Amino acid sequence: PQVIFSGIQPTGTPHLGNYLGALRQWKTLQDTSPPATKLLFSIVDLHAITVPPSSASDLVRRKREMLTALLAIGLDPARSILFYQSSVPQHAEMQWILSCTASTGYLSRMTQWKSKLAAADVLVHRATHVPVGDDQRQHLEFARECVTNFHAAYGGTECLVYPETLLGKGSRRVMSLRNPRSKMSKSDPADRSRIALTDGAEVVRRKVNGAVTDSVEGGVSFDPEGRPGVANLLELLAAFGGVKYGEEVTAERLGNEILKCMAIKELKGLVAEAINAELDVVRDRYAMIEKLGDGYLEDVAEQGRKEAAESAEATMKLVRAAVGL
Ligand code: ATP
Ligand code: MG
468 PQVIFSGIQP TGTPHLGNYL GALRQWKTLQ DTSPPATKLL FSIVDLHAIT
518 VPPSSASDLV RRKREMLTAL LAIGLDPARS ILFYQSSVPQ HAEMQWILSC
568 TASTGYLSRM TQWKSKLAAA DVLVHRATHV PVGDDQRQHL EFARECVTNF
618 HAAYGGTECL VYPETLLGKG SRRVMSLRNP RSKMSKSDPA DRSRIALTDG
668 AEVVRRKVNG AVTDSVEGGV SFDPEGRPGV ANLLELLAAF GGVKYGEEVT
718 AERLGNEILK CMAIKELKGL VAEAINAELD VVRDRYAMIE KLGDGYLEDV
768 AEQGRKEAAE SAEATMKLVR AAVGL
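Now the structure itself:
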């Protein structure tokens with residue numbers, strides 16, 4: 468049976484990039500996977516501290532916010548295992564063991580080291596499929612390399628499973644609204660560069676209206692190289708508004724046929740509307756869960772911890788035996 472694992476860092480409120488690149492696909496996978504499929508979605512707090520948080524209470528708050536967001540997008544703790552990475556120490560144990568079979572001096576290469584963290588998370592649950600955004604692809608390559616290294620060092624071919632990437636349909640990178648040549652990110656200091664899932668309808672309108680497009684404000688056309696800002700808006704419209712124009716409408720068709728030459732201001736109006744139409748229910752649910760209070764979140768996290776620990780411990784028993792620990 469399939470095991471689906473993915474994670475998100477509690478480094479801020481999730482944004483449209485996280486939503487289209489990861490969270491929306493998690494929800495779809497939850498709703499369409501056969502009952503035998505195990506689904507694990509982790510709030511990877513151990514990764515979040517590779518950039519030290521400003522304070523412990525800040526990290527605690529961000530973890531709660533992220534769990535609230537996962538529930539708000541429709542993940543159901545009765546079906547999906549939702550847990551904090553640090554609450555399952557097997558993740559850290561696996562990371563240590565993998566770090567010992569590194570083929571290159573990983574400590575001198577920060578990107579590899581971070582990838583190794585991600586690899587441990589995936590491998591400790593013997594995940595077969597990992598839904599991630601396009602920006603995470605090379606991490607999965609690295610996870611596969613770790614499996615090969617582990618087998619070469621210890622044998623134990625029954626311990627670890629080669630994971631596959633699951634790229635969603637609309638899984639292009641969502642770009643920053645302030646600089647359309649870099650990706651939308653939680654850690655960008657400019658709040659206007661991203662749309663958070665919790666931004667109100669009016670804030671969404673304002674941010675989309677303020678999105679950097681061209682110096683030459685011509686009509687609409689799809690040209691990701693020459694006009695990355697407009698292309699980003701068209702990608703968002705395709706991802707959020709597809710239904711209105713038919714199921715498979717692409718950003719390219721929108722820009723070069725359907726909305727060709729439309730004023731950019733008008734396009735921005737359509738984009739904001741399409742985003743708001745889908746986010747309305749997420750925002751409502753977010754507010755509802757906040758009202759339930761921290762007690763509810765703690766119950767969800769505790770249930771997730773138990774189930775994730777069971778999943779990880781089954782792997783670690785095999786791994787420890789293969790290594791001789
Ligand atoms: P940070 O800036 O702290 O790294 P982030 O916004 O990159 O935050 P992550 O927690 O690193 O978010 O990633 C969570 C998921 O969101 C990953 O699957 C990643 O591929 C996806 N993702 C992040 N940013 C984008 C984006 N701009 N477009 C598409 N997918 C994205
Ligand atoms: Mg990131």
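Per the UniProt record's numbering, the sequence shown starts with residue 468, numbered consecutively.
No residue lacks a Cβ here, since even glycine has one placed at the ideal position from N, Cα and C.
Since we're looking at a predicted model, the values are computed, not measured.
Secondary structure of T495 (DSSP, three-state): helix. Residue environment: V748 is assigned as exposed (fewer than 16 neighbouring CB atoms within 10 Å of its CB, all protein chains considered). Non-local C-beta neighbours of G635 in its own chain, meaning closer than 6 Å and more than five positions away in sequence, comprise Q492, ordered along the chain. Our two residues, R531 and L764, have alpha carbons roughly 7 Å apart in a direct line.
The Cβ atoms of A739 and R672 sit closer than 8 Å to each other. Q476 sits away from V527, with the two beta carbons spaced by 8 Å or more. The C-alpha of A539 lies about 20 Å from the C-alpha of Q552. Of the other Cβ atoms in all chains shown, fewer than 16 fall within 10 Å of the Cβ of G667; this residue is therefore exposed.
Contact between Y753 and A536 holds: CB atoms are separated by about 7 Å, below the 8 Å threshold. The set of residues with any CB-heavy atom separation to ligand 2 below 7 Å comprises, in chain order, Q476, D602, S652. Between the segment 597-611 and the segment 771-784, the count of Cβ pairs shorter than 8 Å is below three; the stretches do not touch. At least one heavy atom of ligand 1 sits closer than 7 Å to the Cβ of L487.
In the three-state DSSP reduction, A678 falls in the coil class, being neither helix nor strand.
Nearest Cα to T680 within the set R645, T665, A515: R645. Listed in chain order, the non-local C-beta contacts of M729 below 7 Å within the same chain comprise G686, V687, local neighbours out to five positions each way being set aside. Annotated three-state conformation of E715 is coil, per DSSP. A heavy atom of ligand 1 is found nearer than 7 Å to the CB of K650.
For F472, the closest alpha carbon among the candidates L513, D588, P501, G484 is that of D588. Following the DSSP letters along the chain, one finds S524 inside the alpha helix (DSSP H) bounded by residues 523-539. With respect to S554, F508 sits apart: the two C-beta atoms are not nearer than 8 Å. Three or more Cβ pairs drawn from the segment 476-491 and the segment 649-667 lie within less than 8 Å of each other, which places the two stretches in contact. Only buried fits K494, as 16 or more other CB atoms lie within 10 angstroms of its CB. The Cβ-Cβ distance between A768 and Q557 does not fall below 8 Å. Looking at the backbone, the Cα of N485 and that of R750 are separated by about 15 Å. In this chain, the beta strand (DSSP E) harbouring L633 covers 631-633. Secondary structure at H606: helix, using DSSP grouped into helix, strand and coil. A residue is called buried when at least 16 other Cβ atoms come within 10 angstroms of its Cβ; N699 meets this threshold and is buried.
Rounded to whole angstroms, the gap between the alpha carbons of A788 and A559 is 17 Å. Using a cutoff of 7 Å, the CB of S654 counts as near ligand 1, since one of the ligand's heavy atoms is closer than that. In this structure, P647 is the residue among K653, P647, L542, A705 with its C-alpha nearest to the C-alpha of E692.
Taking the Cβ of R694 as the reference point, every heavy atom of ligand 1 lies at 7 Å or farther away. Secondary structure of P598 (DSSP, three-state): strand.
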